[in-house]
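Undergrad: Residues 76 to 307 (my numbering) are what the sequence shown spells out, left to right. Heads up, the beta-carbon is just placed ideally off N, CA and C, and yes, glycines get one too.
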Amino acid sequence: VMTRSLVSAPDGRTLLLVVARNVTALRRQAREIEHHERMVREVIDLEDNYVMVKDSQQRFLLVNPAYAQANGLRVSDIVGRTLTEVFPERAVALGIPDIDRRVMDERVTIVREERVDFGTGTGERILLADRRPIVLADGGVGVLTVIRDVTDERRRESELRRAMQQAQAAVEARSRFLANISHEVRTPINGMLGLTDLVLASPLTVQQREWLTLARAATQGLLAIVNDVLDL
């Protein structure tokens with residue numbers, strides 16, 4: 076970088092003063108910073124999660140397209156404004172400004188679930204928001220927020236819990252059924268067999284022994300059926 080200026084010499088002549096400064100390293104550093112910023116921007120723009128950075132005044136410095144599109148807005152509609160200015164009802168309902176202030180003041184990371192209706196016809200969404208402090212270019216502290224939509228995950232978890240509850244109810248019903256069959260049916264049948272054996276061991280006529288033997292065989296057959304049902 077060369078600077079040229081006219082100066083007056085002691086003898087009254089006008090001279091041209093030329094000052095040259097080598098800024099090659101500064102230009103190289105600036106290009107590297109610009110390159111890194113561009114890569115970061117490209118990564119954030121491709122991110123499906125919602126990514127945003129706010130300054131110490133809680134103004135949006137950066138918002139990725141995914142977040143803007145989820146709200147039916149453009150990035151330019153959000154950057155430079157606060158959440159209260161863009162989404163006043165959401166800011167109040169979720170208390171996000173207070174959370175952001177705590178993140179910056181206490182230098183803490185806060186992760187929590189939030190239920191939000193973007194008003195775009197998708198209904199209520201369940202969001203897992205991760206807010207953490209970040210040092211900005213001016214040395215101040217802002218908030219980096221990464222939000223993941225976990226609506227489908229929570230729905231699957233709920234369906235799994237219901238399926239487990241139904242399976243548990245089925246197991247309990249089966250256990251009650253087995254207990255009832257065993258106690259109310261099998262026990263009396265075993266009693267009948269025992270009493271039949273006692274009678275068969277006593278003095279009987281031929282006809283009586285034949286009838287009791289048939290009754291015992293029928294009872295054994297019934298017990299076998301009951302056991303098969305229980306096994307099934």
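With a cut-off of 8 Å on the beta carbons, I'd call residue 126 and residue 178 a contact; round off their distance for me.
TA: The Cβ separation is near 15 Å, so there is no contact.
Undergrad: Classify residue 217 as helix, strand or coil using the three-state DSSP reduction.
TA: Residue 217 falls in the strand class under three-state DSSP.
Undergrad: Taking buried to mean at least 16 other C-beta atoms within 10 Å of its own C-beta, is residue 305 buried or exposed?
TA: Per the 10 Å Cβ criterion, exposed.
Undergrad: Mapping DSSP to helix, strand and coil, what is residue 288?
TA: Residue 288: helix per DSSP, three-state reduction.
Undergrad: Would you say the region 201-210 touches the region 179-192, given that touching needs at least three Cβ pairs under 8 Å?
TA: Yes: the two stretches touch, three or more of their Cβ pairs being nearer than 8 Å.
Undergrad: Which runs of the alpha helix (DSSP H) spanning at least 4 residues fall entirely within the region 135-210, listed in chain order?
TA: Complete alpha helix (DSSP H) runs here, min 4: 140-145, 150-153, 158-161, 163-169, 171-181.
Undergrad: From residue 76 to residue 87, what does the alpha carbon distance come to, in whole angstroms?
TA: One C-alpha to the other measures close to 28 Å.
Undergrad: Could you name the residues that DSSP lists as bridge partners for residue 222?
TA: Beta-bridge pairing links residue 222 to 125, 204.
Undergrad: Below 8 Å, can you find three or more Cβ-Cβ pairs linking the region 259-269 to the region 290-302?
TA: Enough Cβ pairs lie closer than 8 Å, so yes.
Undergrad: Quick one: what's got a C-beta closer than 8 Å to residue 135's C-beta in the same chain, skipping five residues either side?
TA: 127, 128, 129, 153, 154, 155, 156, 157, 158, 161.
Undergrad: Quick test of the definition: if touching needs 3 or more C-beta pairs under 8 Å, does the region 168-175 touch the region 83-98?
TA: No contact exists between the region 168-175 and the region 83-98.
Undergrad: Is it buried or exposed for residue 138, if we count other Cβ within 10 angstroms and need 16 for buried?
TA: The residue is buried, with at least 16 neighbouring Cβ atoms inside 10 Å.
Undergrad: With 16 as the cutoff for other CB atoms within 10 Å, does residue 191 come out buried or exposed?
TA: Label assigned to residue 191: buried.
Undergrad: Where are the alpha helix (DSSP H) runs, 4 residues long or more, that stay fully inside the region 228-304, in chain order?
TA: For the region 228-304, whole alpha helix (DSSP H) runs of length 4 or above, ordered along the chain, are 262-275.
Undergrad: For residue 95, which beta-bridge partners are listed by DSSP?
TA: DSSP output for residue 95 lists 77 as bridge partner(s).
Undergrad: Is residue 90 helix, strand or coil by DSSP?
TA: Reduced to three states, the DSSP call for residue 90 is strand.
Undergrad: What does the alpha-carbon distance come out to for the pair residue 84 and residue 93?
TA: Each residue's Cα considered, the two are about 14 Å apart.
Undergrad: I'd like to check one pair, residue 224 with residue 249: are the Cβ atoms closer than 8 Å?
TA: Not a contact, by the Cβ cut-off of 8 Å.
Undergrad: For residue 256 and residue 244, I'd like the C-alpha separation in whole angstroms.
TA: The alpha-carbon atoms of residue 256 and residue 244 are separated by roughly 18 Å.
Undergrad: Confirm, please, whether the CB-CB distance from residue 270 to residue 284 is below 8 Å.
TA: Not a contact, by the Cβ cut-off of 8 Å.
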